[in-house]
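Asker: Dropping the structure in here first, questions after.
Numbering (the numbering used here), first residue to last: 50 to 1095.
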């Protein structure tokens, strides 16, 4: 790798750093990469690599652009056909992607001298076997990474060779796990017991080390030791502790990532002994030579030649008892490879380009490289009927869509270009999908259309993976910008960009006519609520949906087919683990706890309190009355004091620094001292065990020190945030803030008698913190009940005095503050606003209080900003997989969906692993002998109905509630108990007052109850029924009702 140090733009690469980490980024920005071959796979690989940010990417391809190249290389145009080399045509756009990367072209043969300048060499669709073997041999001799990938129409392979001794530093990229120790035995293989509140999460073979163990101190700081998991809260270690001191208490065990060495074999050797060994793999003849000998031949002739060559090789290997042979050659596979060998379609190219680019990144030692070959296909896109019908392009056809017509046939391709797609989201996935649509011809026919919606604006952090955007687009609309860029790729793309948030509030825009006109929906979203809404619309209108998502190197694809598969809403991820309030407030034991606490501090100090101040300034007396009417006196006092500190005439930076130092002293000095006053280090619970044990880490007081850089960093960020809120010019000189902080007066700690909750189960309102009833009995030899009463009386007196002082305010000051004060709105991606700086300093100070390992700024930003790690490689790869499924859906439109042709998938490129499965059938509602909610039997009508089903009732504009109820009684033998629409109850049989509604017309009843007008474009109501069987009164479940009234 190049040794030159490069500065990493943490704003641009923030989401990528979340996946790779700064150490890997530091290595990545030094990499020099050659990509040879600029058809679809090559340009996808180069695009993904340039977005990732290596030092240099050189592209190489002397072939002249053909019209068919536009079907997978999205950067070549009509003007390049027959004139420009693929490398030169691709370079123009590739070099715009990332100004930090040196992008250039190379022409001519790849001699040894040309290869020597690179760390990794990638060959994309370089089918000359001898040339590939020569380059691979050179790379092995000179310690250069080598990757070769070939796309043979609907079949592909990737080969990776990183030499004989390649070291992987981090095989999976997961965060190192940590657990709290509660016991260690003195055995030949010591048993470690972890605190039982949460599973330790370790796996067999992991390595761990120990810190803060009391008693068995020999383990502290030990070399990483391998473990064997014996239970969810226990494991044994490969260490003899019989001669160690006995374990007493405490301790933290932390996973350690150990380097692993991998050995790769050469390309030539892999042809004889592939890694991994592939039982049942077909031998591959030299397809390039066969095609060269049959340039003018029809596909059938080529197929026969390839089949004959394949069988000959297979028979020869069988004769030598070679493992790389099969009993019988699968002629269907050979036919699909031979027919489409020269084709390159976007789904295959995008998949390969994402995987290959990620394999290049792994040359840094991050994640496990492919070892060594990956074979995949998309054979489901070609069917025997189409191939037999000759409904394919002749090889003399010369259009951008030639390869697609070759693969799917003209009839199917007409469906594709005339399809109507609704793309929801124009972020990373959305940009990739629009690129895919433009290359595949989706929505490019006379009746076709792509509608894309996104109401977000482009930010700098988007540019690293949302590749249709450039720096000059920052601040502009995502949907419009992305649509224009996609149309530049293919002017025939019929695309409409809108800025409409999908949801119930926009159903007057995205109405029934809109949804019913679509061929398929494609989600490119990053939030569950919007996903669920689009999914619900697809279920209602019985439309297919392509659902996908990414998380760093992980990705998933779900195909939703009307009446055939589960919908997205049928299965949801479990809720995220929440941090108990008392853990956040008083007993953190992980950096995530302190970061969350710091985020709350920001919200309270600079958003909520300034908002309270503005409310106070509108009407001070009214505000005071409202505060005094709510909550405990201690809470009232705290709220009034937080408001009062903003009511100063001294609007100077010194005042802001005073507030910052006071905040430091309050949170990291006095609050901790108070906690230790209530619970000294030797305090014991009622059961005799030490209070400060297990997850309760004993804290330490921090006194403000202007010579400590972390202390000053906190005051610097905090003071500037106060200044921003108060409309005071910020100070950019940290030394100036340091000097001002030395002038501040720090009030010594004076203990207070107060209750501190130690359990979230305590529902009392005093103090505002957290102690179960047993702990509340006695603290520091003081009777807490009497103390609390006294404390309440003290708070009441102080609060009343403060309230009276604040009932009035100087009019001039009031007017000035109303103009100046501006609450801060948290923004994670602006490095100049001090938001992340404050949270980082605050979180690390609290971590220092509790002796928790501190975090770097980027980790704080990721957690506090709830940033989802995202990388271009995973996005491109999953787009290829979704595009394949989309083509199947569009070709099946108007026919029954064959579920066996479709694939859901889960991928983790870090390992790497691909898990593909057939979509699950829809969930069915069935009768039950006993339902725990109904506490009795429940009957489904019709039996086994799915969420896709609905009862359609058409009673016209005059139809009444009574007629609806009578229809359900007659047709479903169901007695209606409750009839609702959304959250509105239209009828309840148990309420006598509702009887008068029976003769009301349904549309009128709906509008009267909901206070909402039915949209003029809608002619139906959506109704839900709670009913019972008329014969035996068993609770009955019915499908959703579509009630048509006009």
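Where a beta carbon is used, it is the ideal one built from N, C-alpha and C, also for glycine.
(1) Between residue 619 and the rest of its own chain, which residues show a CB-CB distance below 6 Å, the 5 nearest in sequence each way excluded?
(2) Use the C-beta contact count for residue 39: other C-beta atoms within 10 angstroms, 16 or more gives buried, fewer gives exposed.
(3) Going by other Cβ atoms of all chains shown within 10 Å of its Cβ, with 16 needed for buried, is residue 615 buried or exposed?
(4) Quick one, are the C-beta atoms of residue 1038 and residue 1026 less than 7 Å apart?
(5) Just checking my contact of residue 661 with residue 1064 at CB under 8 Å: how many whole Å lie between their CB atoms?
(6) Using the three-state DSSP reduction, which class does residue 179 fall into: helix, strand or coil?
(7) So if DSSP puts residue 1084 in a beta bridge, which residue, or which two residues, is it bridged to?
(8) Let me know if residue 920 comes out buried or exposed under the rule of 16 or more other beta-carbons within 10 Å of its beta-carbon.
(9) By the DSSP assignment, the alpha helix (DSSP H) with residue 914 in it spans what residues?
(10) Could you name the residues of the same chain whose beta carbon sits closer than 6 Å to that of residue 253, not counting the 5 residues immediately before and after it, in chain order?
(11) What residue from 752, 636, 664 has the CA that sits closest to residue 741's CA?
(12) Going by alpha carbons, who is nearest to residue 876 out of 304, 565, 508?
(13) When you compare each of 695, 414, 452, 458 to residue 434 by their alpha carbons, which one comes out closest?
(14) Got a sec? Which residues, its chain only, sit under 6 Å from residue 922 by beta carbon, not counting five neighbours each side?
(15) Helix, strand or coil for residue 1034, going by three-state DSSP, please let me know.
(16) Give me, in chain order, the residues of the same chain whose beta-carbon lies closer than 6 Å to that of residue 581; leave out the 5 immediate sequence neighbours on both sides.
(17) Would you kindly work out how many angstroms separate the C-alpha atoms of residue 906 and residue 886, rounded to a whole number?
(18) Per DSSP, which one or two residues make a beta bridge with residue 232?
(19) Under DSSP, the beta strand (DSSP E) around residue 371 begins and ends at which residues?
(20) Pair every Cβ in the region 228-242 with every Cβ in the region 207-218, then say whether three or more of these pairs are closer than 8 Å.
(21) DSSP three-state label for residue 997, please.
(22) Would residue 497 and residue 572 qualify as a contact pair, given that the criterion is a beta-carbon distance under 7 Å?
(23) Any idea what DSSP makes of residue 863, helix, strand or coil?
(24) Who pairs with residue 173 in a beta bridge, going by DSSP?
(25) When you compare the region 367-387 with the region 174-192, are there three or more beta-carbon pairs, one atom per stretch, that lie closer than 8 Å?
(26) State yes or no: is the C-beta of residue 891 within less than 7 Å of the C-beta of residue 709?
(27) Going by DSSP, what residue range makes up the alpha helix (DSSP H) through residue 639?
(28) To the nearest angstrom, report how far apart residue 835 and residue 733 are at their CA atoms.
(29) Fully enclosed by the region 552-619, which beta strand (DSSP E) runs are 3 residues long or longer?
(30) In chain order, what residues of the same chain have a beta carbon less than 6 Å from the beta carbon of residue 848, not counting five sequence neighbours either side?
(31) Quick check: the Cα distance between residue 125 and residue 116, rounded to an integer number of angstroms?
(32) With burial defined as no fewer than 16 other Cβ atoms inside 10 Å of the residue's Cβ, what is the status of residue 61: buried or exposed?
(33) Return the bridge partner residues of residue 259 from the DSSP annotation.
(34) Go ahead and pull the three-state DSSP assignment for residue 516.
(35) Check whether the Cβ atoms of residue 485 and residue 928 sit closer than 7 Å, and answer yes or no.
(36) Can you tell me where the alpha helix (DSSP H) holding residue 1092 begins and where it ends?
Answerer: A quick look at the data gives this:
(1) What you label residue 619 is simply residue 570 of the chain shown in a count that begins at 1. Only 972 meet the Cβ criterion.
(2) The first residue shown for the chain is 50 and the last is 1095, placing residue 39 beyond what the model contains.
(3) For this step, residue 615 is matched to residue 566 along the chain shown. Buried.
(4) For the purposes of this step, residue 1038 is taken as the residue at position 989 of the chain shown. For the purposes of this step, residue 1026 is taken as the residue at position 977 of the chain shown. Their beta carbons are under 7 Å apart, which means residue 1038 touches residue 1026 by this criterion.
(5) Start at 1 with the first residue of the chain shown, and residue 661 comes out as number 612. Start at 1 with the first residue of the chain shown, and residue 1064 comes out as number 1015. No, residue 661 and residue 1064 are not in contact; Cβ-Cβ is about 40 Å, not under 8 Å.
(6) Translated into the one-based positions of the chain shown, residue 179 becomes position 130. The three-state secondary structure of residue 179, taken from DSSP, is helix.
(7) On the chain shown, position 1035 is the one that residue 1084 refers to. Paired residue(s): 987, 1077.
(8) By one-based count along the chain shown, residue 920 stands at place 871. Under this definition residue 920 is a buried residue.
(9) Counting from 1 along the chain shown, the entry for residue 914 is found at position 865. Counting along the chain, residue 914 falls outside any alpha helix (DSSP H), and DSSP gives it neither H nor E.
(10) Along the chain shown, one-based indexing puts residue 253 at 204. Excluding its 5 nearest sequence neighbours in each direction, residue 253 has C-beta neighbours in its own chain below 6 Å: 277, 278, listed in chain order.
(11) By 1-based counting over the chain shown, the position of residue 741 is 692. Between residue 741 and the set 752, 636, 664, the nearest pair of CA atoms involves 636.
(12) Here residue 876 corresponds to residue number 827 of the chain shown, with the count starting at 1. The option with the nearest alpha carbon to residue 876 is 508.
(13) Within the chain shown, the letter at position 385 stands for residue 434. Ranking 695, 414, 452, 458 by Cα distance to residue 434 puts 458 first.
(14) Locating residue 922 in the chain shown gives position 873, counting from the first residue. Once the five neighbours on either side are set aside, the close Cβ partners of residue 922 are 97, 403, 406, 407.
(15) As a first step, residue 1034 is located in the chain shown; it is residue number 985 there, counting from the start. The three-state secondary structure of residue 1034, taken from DSSP, is strand.
(16) Start at 1 with the first residue of the chain shown, and residue 581 comes out as number 532. Within its own chain, the residues whose Cβ lies closer than 6 Å to the Cβ of residue 581, once the five positions on either side in sequence are excluded, are 618, listed in chain order.
(17) Residue numbering aside, residue 906 sits at position 857 when the chain shown is read from its first letter. Residue numbering aside, residue 886 sits at position 837 when the chain shown is read from its first letter. Rounded to the nearest angstrom, the two C-alpha atoms are 8 Å apart.
(18) Position 183 of the chain shown holds residue 232. Per DSSP, 242.
(19) Reading the chain shown from its first residue, position 322 is the one you call residue 371. Looking at the DSSP string, residue 371 is not in any beta strand (DSSP E), and its letter there is neither H nor E.
(20) No contact exists between the region 228-242 and the region 207-218.
(21) Against the chain shown, residue 997 aligns to sequence position 948. Assignment of residue 997 by DSSP, reduced to helix, strand and coil, places it in the coil class.
(22) As a position in the chain shown, residue 497 is number 448, starting the count at 1. As a position in the chain shown, residue 572 is number 523, starting the count at 1. Annotated as distal: residue 497 and residue 572, with beta-carbon spacing of 7 Å or more.
(23) What you label residue 863 is simply residue 814 of the chain shown in a count that begins at 1. Three-state result, residue 863: helix.
(24) The count along the chain shown starts at 1 and reaches residue 173 at position 124. In the DSSP assignment, residue 173 is bridged to 198.
(25) With a cut-off of 8 Å, the region 174-192 and the region 367-387 do not count as touching, because too few Cβ pairs lie within range.
(26) As a position in the chain shown, residue 891 is number 842, starting the count at 1. As a position in the chain shown, residue 709 is number 660, starting the count at 1. If you check the CB distance, residue 891 and residue 709 do not come in under 7 Å.
(27) In the chain shown, the residue the question calls residue 639 occupies position 590. Boundaries cannot be given for residue 639, as no alpha helix (DSSP H) includes it and DSSP labels it neither H nor E.
(28) As a working mapping, residue 835 is identified with position 786 in the chain shown. As a working mapping, residue 733 is identified with position 684 in the chain shown. Here residue 835 scores only 33 on pLDDT, less than 50, and its place in the model should not be relied on; the value that follows carries that caveat. Computed Cα separation, rounded: 21 Å.
(29) Fully enclosed beta strand (DSSP E) runs of 3 or longer: 569-572, 594-600, 603-609.
(30) Taking the first residue of the chain shown as 1, we reach residue 848 at position 799. Within the same chain, and ignoring the five residues on either side of residue 848 in sequence, the residues whose Cβ sits closer than 6 Å to its Cβ are 682, 685, 686.
(31) Within the chain shown, residue 125 is the residue found at index 76, counting from 1. Within the chain shown, residue 116 is the residue found at index 67, counting from 1. In this structure, the alpha-carbon of residue 125 lies about 9 Å from that of residue 116.
(32) Counting from 1 along the chain shown, the entry for residue 61 is found at position 12. Taking every protein chain shown into account, the CB of residue 61 has 16 or more other CB atoms within 10 angstroms, so this residue is buried.
(33) In the chain shown, counting from the first residue as 1, residue 259 sits at position 210. For residue 259, DSSP records a beta bridge to 269, 302.
(34) For the purposes of this step, residue 516 is taken as the residue at position 467 of the chain shown. Under the three-state reduction of DSSP output, residue 516 falls in the coil class, being neither helix nor strand.
(35) Locating residue 485 in the chain shown gives position 436, counting from the first residue. Locating residue 928 in the chain shown gives position 879, counting from the first residue. Contact: yes.
(36) In the chain shown, the residue the question calls residue 1092 occupies position 1043. Unbroken run through residue 1092 is the beta strand (DSSP E), 1089-1093; no alpha helix (DSSP H).
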